[in-house]
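Residue numbers (my numbering), protein chains in the order written: chain A, 695 to 1297; chain B, 571 to 964.
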C-alpha cells in the first residue's frame, strides 16, 4: 500500500511530485522518494514523512519524473527499500504499489544470473526484469516483464534512454491519468492531481499507458491500443485542504451536518413521500431472498448497523461478513444480494470478495464514496455516499453516510415488499430530515466532550458498551480511539461483559456506555450498575431527556432527543469527537496514525 | 496588499440567532454577512485575507472551506477584548500597509477600492448616518479626521466611522503600546494617533450596512435581495406561476399551483408546495420544506426549516432547523419592544423564532415576539410574550 505519482510536462518535476506526494501521504508515509530525468536519471530517497524529503532534497532539474510514498510490505523501513528502485545499469527507475507474489522465485533466478540486489523489496525485481527485456523500446520491455510476474501492481517506469515518456501499468491497484495542457500526470488517487487538472482517465486492470507531454496512449491486456473516456472531477483542490481546522479529521467531523444532507440529495422527497435510487440499483434489489454485507474495518461496523435496519423493516435475513474472510469462506447464494461497502472503492480485501461474489453469480451492489473506483466498475450497481473526499485516515463522515445509505436501502426494500406504507415512510423521512440539526447540536456541545476526554487521557484501557444498534456503534467508538489515540479500547455488547471481559475491569478502565430510551434502557442501567460495582468510572452517552442517568453514571454526554434508531448518527459523532480530543490531548498524529493507511489496497 | 477581517465577535444583541452562530455568519439572502465582506474585498483586487476568528470559529472554517476567490488565513483571538486586540492577532501575517474591516458590516467593493488606491498612509471610511450616536461619531477638518467620539450620550455630528481603515504596519507600535496599558479599542488607537498629529484621511463609503438587532436582518435582507438576478435550477412543476426576479437553487422542487412573486430567493434541496404562495422579499435557505397552502411574505426562512400546511409568515424570521407544524400564524403589527432598557417601536413586524424549535400545530404568536432557540411549543398555544431559549410551553 503506497502512493505513486508521475509527471511529464513543462514544470519542474520535483516540485509537482512533492506537492502530489503530500496529498497521497495518507496512503503511506514511512519513507518516500522521487526520480527525475534531466541530463541523466537522478533519484533521491528519504526515510520519514514527505516534509522531511522536501527539506533535504537537492534541486533536481528536469520536467519528467516519478514519486512514491511508501507503506512497507516487503522489507523493512530504510533508504534502500524506499522507491524509486533502479535497474542494474541505473538507466531505468520504477515505483510500485502492490505486492508481487512470486518475487522470491524471480529474485533467486535473477541472482543466479548474477544480478546484484540493492534492497529487500519485491519491486526491485521488476526493475531488473525490465532491464533484461530491454531491446530499445521501454514499453515492450515493461510488457514482457509484467508477463513474468504474479500479483498486484500499479507501477510507473521511466528510462533515461527514452527520456520523453512514462510507462504506467495497473493490475488490482489504483492508478489514474490526469490530463493537462502540454502536461500529463499519473497518480494513485485524484487529490494528488486536483491542483493541476480536473480531467482524469481511469485505467482498468491489465491496461498499460504511455504518457508523453502532449499525448497519452492506452493499451489493453492484449497490447492493443484503445480509446478511453475522459472524466471531469467535480470536487476541487480546496476540498482536499484543511481550511483552518487543525486536522482533516476534525474538519471532516464538522462536515457532517452537510454530508448527512448530501446522502438524501436527489433521493428523498418529503412532499412526494418517495425514496429513489438509480434504476440499476432499483432493478437489482427487486427479487432477492437474502443479503450479505461484506466490508472491512469501519465499513464493516456500518454494515452491522445496516443489518439491524434491514432486519427491522423487512423480512430479509442479513449476514455481515469481513471481506478477508468472506472471500474464502462466505456463502455465495445466487439469489442473494451481496452489498460491499468501501469508502475508497479500492480496498483490496473487499474487491477480492466482490469479484468472488460476482463470479459465483450473486447480485452485487457497492456502497462507496469514490465514483469511478474499481468497485463501482466491477459491481452490478453502486450507491454513492456523496460525502466528498475524506483525507483523515480515521473514517468519520463516510461512516455516518454509509449508515444513512443503508437506512435508505432498508426503507426501499421495505417499500418493495410492502412492509411499510407511505405514512410510515413519511415519519422516517421526517426523522431523516432532522438529523442534520441533531448533528449540529452535538457539535455545539464540543466543549463538554473535551472535558470528558481529559478524564480518559491517562487510562490504560477503555471499554465501550451498548445494546442493539448501539453494539456496532460501540465497536466503532473503540476502533476510532484505537486508531488515533493508540489507547487500548474494546467494544462489547453490554450483555456480554459478564461472560468474560469483566475480569479486565479495574479502577483504571473507564467504560463508555451508550444508553437510549428504548426497550433496552433498564437492562443498560443494570449493566452500568454491574460495571460501577467493580470500580471503573462510567461515561454515559444518553438522551437529553433522560433524567435518571445522572444517578448511575459518573459523567454524562447528551445527544439530542430522538425516538428513532437514527440516534446512532449523533451518537457516532460524539464518539468521533471523544476519540479526536483524547488523541489531540495526547499529542498523537491524528491524520496519519502510525502503521495505518487510508485505503488498504493490499490483502 | 493584505486585508484583515475581524470576525471573532459574538453579537449578543442578535440573540437568539447568535447563540449558535457568530454574528458574521448570520444569513442575508442565504449568504453569511462575512461572505459579502470577503467578496467585496477580493473583488477589489486583494488576494490574501486574514480572518480573525474566535467565538464559534468552527462554523466559519467549515462554511468557507470551499472559498476560492481569495486565499484565507485564519488567526485566533481567544478572548474578545476589543478590535485593536483582535487586529494584534494578525500582526505576524502582515508586512506592510493593510486594510482592516469588520466582518459583520456589509460594504461595497467600490468603497474598498477607493480606500486601497488612495495614497495617504492612514485612511478611514466614514458614512453619513441618521443616528450617529450609536457608533463612533467622526468630526472632520478638510477631509482629515479631527476627532472620534465613541457612542456619545447625546446626538451629535453627522458622520460615523465604519471601522474600515487602511493602516501602515508601523501602527502596531502604538497598538502594542496602548494594549500594554489595557486599551483594546481600535478607535481609541486612532484617536491617539490624531492626538499625536498624525494625518488621517477620510473617504465616504458608498454603501455600508450594520445589523444590530434581529429585526435589522429583515431590513437588510430586503435591500440586498435586489442584487440577485433570476435564475431557476431544480424542478418547477407545471402550473407554477413565477413573476419578477426569482432565484431557485439546484435540487429544489416547486410543486404545482405555487404562486411566487419576486424578488424571492430559494436555496438548494428545498421542497415547496403544492399551492404555496411566496411574496416579496422572501429568502428561503437550503433543504427547507414548505407544505401546501402556506403564505410567506417579506421573511427570512433559514436552512433546514420545516413549515407545515396552512401557515402564515409575514415580516418574520425563522432560525435554522426549526420545525413548525400546520396552521401556524404570526400576527403582524406595530409592537413596542424593550431592548437593553430602551423601548423601541417597530413597524410591521411579525415574529422572530430561533434555531431548532419545535412548534406543534395551531400556534399563534403575537407581533414582535422573540422565541429563543430550541424551544418546544405545544399545539393550540397563543404566545404573547418573548420565550427564552430552551423553554417548553406546555
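Backbone N, C-alpha and C define an ideal beta-carbon position, used for all residues, glycine too.
None of the values given here were measured: they were computed from a predicted structure.
I need the boundaries of the beta strand (DSSP E) containing residue i, first residue and last residue.
i	result
residue 1171 of chain A	Element bounds for residue 1171 of chain A: not the beta strand (DSSP E) but the alpha helix (DSSP H), 1164-1179.
residue 675 of chain B	675-677
residue 1023 of chain A	First-last for residue 1023 of chain A: 1017-1023, but that is the alpha helix (DSSP H), not the beta strand (DSSP E).
residue 1073 of chain A	Here residue 1073 of chain A belongs to no beta strand (DSSP E), and DSSP marks it neither H nor E.
residue 749 of chain B	Not the beta strand (DSSP E): residue 749 of chain B falls in the alpha helix (DSSP H), residues 741-749.
residue 613 of chain B	It is not in any beta strand (DSSP E) - residue 613 of chain B instead sits in the alpha helix (DSSP H) that spans 603-613.
Can you find the residues in the same chain that come closer than 6 Å, C-beta to C-beta, to residue i, ignoring five residues on each side of it along the sequence?
i	result
residue 1284 of chain A	941, 943, 1178, 1277
residue 761 of chain B	718
residue 798 of chain B	817, 835
residue 1228 of chain A	1199
residue 656 of chain B	576, 578, 622, 647
Contact criterion: CB-CB distance below 8 Å. Does residue i meet it with respect to chain B?
i	result
residue 1130 of chain A	yes
residue 758 of chain A	no
residue 965 of chain A	yes
residue 960 of chain A	yes
residue 1141 of chain A	no
residue 1019 of chain A	no
residue 1117 of chain A	no
residue 1101 of chain A	no
residue 1145 of chain A	no
residue 955 of chain A	yes
Of all Cβ atoms in chain A, is any one closer than 8 Å to the Cβ of residue i?
i	result
residue 821 of chain B	yes
residue 965 of chain B	Past the edges of chain B, shown from 571 to 964, lies residue 965 of chain B, and the structure says nothing about it.
residue 792 of chain B	no
residue 635 of chain B	yes
residue 685 of chain B	no
residue 588 of chain B	no
residue 549 of chain B	Since the first residue of chain B shown is 571 and the last is 964, residue 549 of chain B is not available in this structure.
residue 632 of chain B	yes
residue 725 of chain B	no
residue 807 of chain B	no
residue 705 of chain B	no
residue 628 of chain B	yes
residue 530 of chain B	Residue 530 of chain B lies beyond the stretch modelled for chain B, which goes from 571 to 964, so this question has no answer here.
residue 825 of chain B	yes
Would you kindly report the start and end of the unbroken alpha helix (DSSP H) that includes residue i?
i	result
residue 878 of chain A	It is not in any alpha helix (DSSP H) - residue 878 of chain A instead sits in the beta strand (DSSP E) that spans 878-881.
residue 785 of chain B	784-794
residue 1118 of chain A	1116-1138
residue 1262 of chain A	1262-1280
residue 1053 of chain A	1042-1053
residue 1107 of chain A	1091-1110
Could you check whether the Cβ of residue i sits closer than 7 Å to any heavy atom belonging to the ligand SAH?
i	result
residue 1245 of chain A	Only the bare structure without any ligand can be found here, which leaves the ligand SAH out of the picture.
Take residue i and list the residues in its own chain whose beta-carbon comes closer than 7 Å to its own, dropping the five residues that flank it on each side.
i	result
residue 865 of chain B	847, 882
residue 841 of chain B	823, 859
residue 818 of chain A	779, 811, 812
Take residue i and list the residues in its own chain whose beta-carbon comes closer than 8 Å to its own, dropping the five residues that flank it on each side.
i	result
residue 715 of chain A	697, 699, 726, 728, 744, 747, 761, 762, 763, 886
residue 893 of chain B	875, 876, 927, 928, 929
residue 893 of chain A	872, 873, 874, 924, 925, 926, 927
Fully enclosed by the segment 792-873 of chain A, which beta strand (DSSP E) runs are 3 residues long or longer? Whole beta strand (DSSP E) segments, 3+ residues: 847-853, 860-865, 870-873.
What are the uninterrupted segments assigned as alpha helix (DSSP H) that are 4 or more residues long and contained completely in the segment 1197-1239 of chain A, given in chain order? If we require 4 residues or more, the alpha helix (DSSP H) runs fully inside the segment 1197-1239 of chain A come out as 1215-1226.
Interface positions of the segment 857-870 of chain B facing chain A (Cβ-Cβ less than 7 Å), listed along the chain: Only 857, 859 from the segment 857-870 of chain B bring a Cβ to less than 7 Å from some Cβ of chain A.
At what residue ranges does the segment 634-718 of chain B contain a whole run of the alpha helix (DSSP H), taking only runs of 4 or more? Counting only runs of 4 or more residues that sit fully inside the segment 634-718 of chain B, the alpha helix (DSSP H) segments are 653-658, 679-687, in chain order.
Note down, in chain order, all residues in the segment 906-938 of chain B with a beta-carbon under 9 Å from any beta-carbon belonging to chain A. Along the segment 906-938 of chain B, going in chain order, the ones with a CB nearer than 9 Å to a CB of chain A are 925, 926.
Residues of the segment 1257-1291 of chain A whose Cβ lies closer than 9 Å to any Cβ of chain E, in chain order: The chain inventory of the structure shown lacks chain E, comprising the protein chains A and B.
Runs of beta strand (DSSP E) wholly within the segment 892-927 of chain A (minimum 3 residues, chain order): The qualifying runs are 893-896, 902-905, 910-913.
May I have a chain-ordered list of the beta strand (DSSP E) segments no shorter than 3 residues that lie completely inside the segment 958-1010 of chain A? The segment 958-1010 of chain A contains these whole beta strand (DSSP E) runs: 984-989.
Looking at chain B, which residues of the segment 1085-1098 of chain A have a Cβ within less than 9 Å of any of its Cβ atoms? If the cut-off is 9 Å between Cβ atoms, the segment 1085-1098 of chain A has nothing near chain B.
Name, going along the chain, the residues of the segment 687-701 of chain B whose beta-carbon falls closer than 8 Å to a beta-carbon of chain A. For the segment 687-701 of chain B, which is checked against every Cβ of chain A, not one residue is closer than 8 Å.
Quick one, which residues of the segment 870-899 of chain B are near chain A if we go by CB-CB under 9 Å, in chain order? Hits within the stretch, in order: 873, 874, 876, 890, 891, 892, 893.
Chain-ordered residues of the segment 828-855 of chain B with a beta carbon less than 9 Å from chain A: So the list reads 838, 839, 841, 842, 843, 844, given in the order they occur along the chain.
If contact means a Cβ-Cβ distance below 7 Å, which residues of the segment 774-801 of chain B contact chain A? Listed by position, the residues of the segment 774-801 of chain B near chain A (Cβ gap below 7 Å) amount to none.
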